[in-house]
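Asker: For reference, the structure I am asking about is given below.
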Amino acid sequence: MEKLAFDRIIEGTFSADTFSVTEKTVFPPEAFVCQSGMVLRERFFYIVKGKIFFDDGTGQEKIFKTGDIVYLPYNVTYRSRWDTAENGKYLSVGFILRDENNSIISFSDSISLLLSDRKKEFLTLFSDLRKVWATGSYGYKLEMRSKFYEILYRLSVNAEYSSLKSSRNTVYRAIFYLENNYLSDVTASELADMINVKECMFRRAFKAEKGMSPVKYRNMLRLKKAYEMLSSGEYSVVETAISTNFDDPGYFSKLFKRQYGISPSECIPKQT
């Protein structure tokens, strides 16, 4: 599944407009051709039934099936066709999102799978939005906006979850690096760049795996090394603090006692 840029609406100011909702049953081999910019609307395309093929000129058809929600950018030319094995059916929500500069917000520059609605939760949302659109009763535009925002919110949460799940598979590279370079002052931002994810996402994935922040984990590793050094009886508290990259011996002692329940000096074996 392609990573989509939902952070543009989560982290910024935007407005939604130009709504339309279409529900249609398709009888193969009916085909459809869309030219880039033909209609100034992005689309969330819910496949209620059947299988559809999209040819966007990249040389490989994209195939989607029942329950898939597909993102169709307004500025992509494509040809679509339905599998002839059965009739097709879809629900399509057309919209335009604009940022504070009135520029159109797109989630991707290509036709993309948003999610596979296995539990049919989104089917209910799309169907409800269609009913409001078709009825056109008092205040329907406001109600449509409300229901559309709920769809948008749930899609963004799903995208974040999928990205986080993917980043958890790569976060071990950063953990491995940190475990082998814990005496360095590498930052969470640098670790995130190392595995090519956003810092906020990296922090969440890291905490999900280790139960603490990258800084706390690094300090834990440093304190573990400090415990070994002090227990050997070969190093003073100050020498140990400096060797484990704690510039402030007082801060080092505070963290050490918090982790081990004793002061660093108490860890040093008494001379007999």
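Residue numbering for the sequence shown follows the working numbering, beginning at 78 and increasing consecutively. Cβ atoms here follow ideal geometry from the backbone N, Cα and C, with glycine treated the same way. Just so you know, these numbers come straight off a predicted model, no measurement behind them.
Which runs of the beta strand (DSSP E) at least 3 residues long sit entirely within the region 166-232? Give them in chain order.
Answerer: 189-193
Asker: Can you tell me whether A162 is helix, strand or coil according to DSSP?
Answerer: Along the sequence shown, read from residue 1 onward, the residue named residue 162 stands at position 85. The three-state secondary structure of A162, taken from DSSP, is coil.
Asker: Take the Cβ of M78 as the centre, count every other Cβ of all protein chains shown within 10 Å, and call the residue buried at 16 or more, exposed below.
Answerer: Indexing the sequence shown from 1 puts residue 78 at position 1. Only weak support exists for where M78 lies, its pLDDT of 41 falling under 50; the value from the coordinates is given anyway. M78 is exposed by the Cβ-count criterion.
Asker: Where do the N-terminal and C-terminal ends of the beta strand (DSSP E) with L149 fall, by residue?
Answerer: If you number the sequence shown from 1, residue 149 lands on position 72. Here the beta strand (DSSP E) through L149 covers D145 to L149.
Asker: In or out: D194 buried (at least 16 other Cβ within 10 Å) or exposed?
Answerer: Start at 1 with the first residue of the sequence shown, and residue 194 comes out as number 117. It is buried - the Cβ of D194 has at least 16 other Cβ atoms within 10 Å.
Asker: Which term fits K80, buried or exposed, when burial requires 16 or more other beta carbons within 10 angstroms of its beta carbon?
Answerer: Taking the first residue of the sequence shown as position 1, residue 80 is located at position 3. Low per-residue confidence applies at K80: pLDDT is 49, beneath 50, and the placement is therefore not dependable, though the value from the model is reported in the following sentence. Exposed, since its Cβ has fewer than 16 Cβ neighbours within 10 Å.
Asker: Quick check: what's the CA-CA separation for P326 versus S290?
Answerer: For the purposes of this step, residue 326 is taken as residue 249 along the sequence shown, with counting starting at 1. For the purposes of this step, residue 290 is taken as residue 213 along the sequence shown, with counting starting at 1. Computed Cα separation, rounded: 22 Å.
Asker: Rounding to the nearest angstrom, what Cα-Cα distance links F333 and R118 in this structure?
Answerer: On the sequence shown, residue 333 is found 256 positions in, with the first residue counted as 1. On the sequence shown, residue 118 is found 41 positions in, with the first residue counted as 1. Each residue's Cα considered, the two are about 59 Å apart.
Asker: Can you check DSSP and say which residues form a bridge with D94?
Answerer: Here residue 94 refers to the residue found at position 17 when the sequence shown is read from its first residue. Its beta-bridge partners are I173.
Asker: Label N258 either buried or exposed according to how many other C-beta atoms from any shown protein chain fall within 10 Å of its C-beta, with 16 as the threshold for buried.
Answerer: For this step, residue 258 is matched to residue 181 along the sequence shown. With fewer than 16 Cβ atoms within 10 Å of its Cβ, N258 is classed as exposed.
Asker: Using C-beta distances below 8 Å, list every residue in its chain close to Y226, excluding the 5 sequence neighbours before and after it, in chain order.
Answerer: In the sequence shown, counting from the first residue as 1, residue 226 sits at position 149. Excluding sequence neighbours, Y226 sits near A93.
Asker: Below 6 Å CB to CB, which residues in the same chain sit around P341 once its five sequence neighbours on both sides are set aside?
Answerer: The count along the sequence shown starts at 1 and reaches residue 341 at position 264. Hits under 6 Å: L307, V314, S330 and F333.
Asker: How many whole angstroms separate the CB atoms of V170 and F203, which I take to be in contact at a CB cut-off of 8 Å?
Answerer: Along the sequence shown, read from residue 1 onward, the residue named residue 170 stands at position 93. Along the sequence shown, read from residue 1 onward, the residue named residue 203 stands at position 126. Sure, about 7 Å apart at Cβ, within 8 Å.
Asker: Look at the Cβ atom of K166, then the Cβ atom of V103, and state whether they are nearer than 8 Å.
Answerer: Position 89 of the sequence shown holds residue 166. Position 26 of the sequence shown holds residue 103. Yes. Within cutoff.
Asker: Between L260, A162, G338 and F184, which has its C-alpha nearest L149's C-alpha?
Answerer: By 1-based counting over the sequence shown, the position of residue 149 is 72. Ranking the options by Cα distance to L149, first place goes to F184.
Asker: Please tell me whether V263 and L200 are closer than 8 Å, where the distance is taken between their beta carbons.
Answerer: Against the sequence shown, residue 263 aligns to sequence position 186. Against the sequence shown, residue 200 aligns to sequence position 123. Their beta carbons are not under 8 Å apart, which means V263 does not touch L200 by this criterion.
Asker: Would you report the Cα separation of L260 and Y312, rounded to the nearest angstrom?
Answerer: Numbered from 1 along the sequence shown, position 183 holds the residue referred to as residue 260. Numbered from 1 along the sequence shown, position 235 holds the residue referred to as residue 312. Taking the straight line from one Cα to the other gives about 17 Å.
Asker: Leaving out five residues on either side along the sequence, give the residues of the same chain with a beta carbon under 8 Å from the beta carbon of R222.
Answerer: Numbered from its first residue, the sequence shown carries residue 222 at position 145. Within the same chain, R222 has close Cβ partners A93 and F96.
Asker: For Y337, write down the residues that DSSP places opposite it in a beta bridge.
Answerer: Counted from its first residue, the sequence shown places residue 337 at position 260. None, per the DSSP bridge assignment.
Asker: Flag this pair as yes or no: are the beta carbons of V110 and R207 separated by less than 8 Å?
Answerer: Residue 110 sits at position 33 when you count from the first residue of the sequence shown. Residue 207 sits at position 130 when you count from the first residue of the sequence shown. For V110 and R207, no; Cβs fall outside 8 Å.
Asker: Are the Cβ atoms of Y155 and D186 separated by less than 8 Å?
Answerer: By one-based count along the sequence shown, residue 155 stands at place 78. By one-based count along the sequence shown, residue 186 stands at place 109. Contact: no.
Asker: Following the continuous alpha helix (DSSP H) through I272, name the residue where it begins and the one where it ends.
Answerer: Translated into positions along the sequence shown, residue 272 becomes position 195. From DSSP, I272 is part of no alpha helix (DSSP H); its letter is neither H nor E.
Asker: Near L255, which residues of its chain fall below 8 Å by C-beta distance, leaving aside the five closest residues on each side in sequence?
Answerer: The count along the sequence shown starts at 1 and reaches residue 255 at position 178. Excluding residues within five positions, the ones whose Cβ falls inside 8 Å are V263, L268, P291, Y294, R295 and L298.
Asker: I need the DSSP call for R85, collapsed to helix, strand or coil.
Answerer: As a working note, residue 85 is residue 8 in the sequence shown. Correct three-state label for R85: helix.
Asker: In the DSSP assignment, what residue or residues form a beta bridge with R156?
Answerer: Working through the sequence shown from its first residue, we reach residue 156 at position 79. Bridge partners of R156: V110 and D132.
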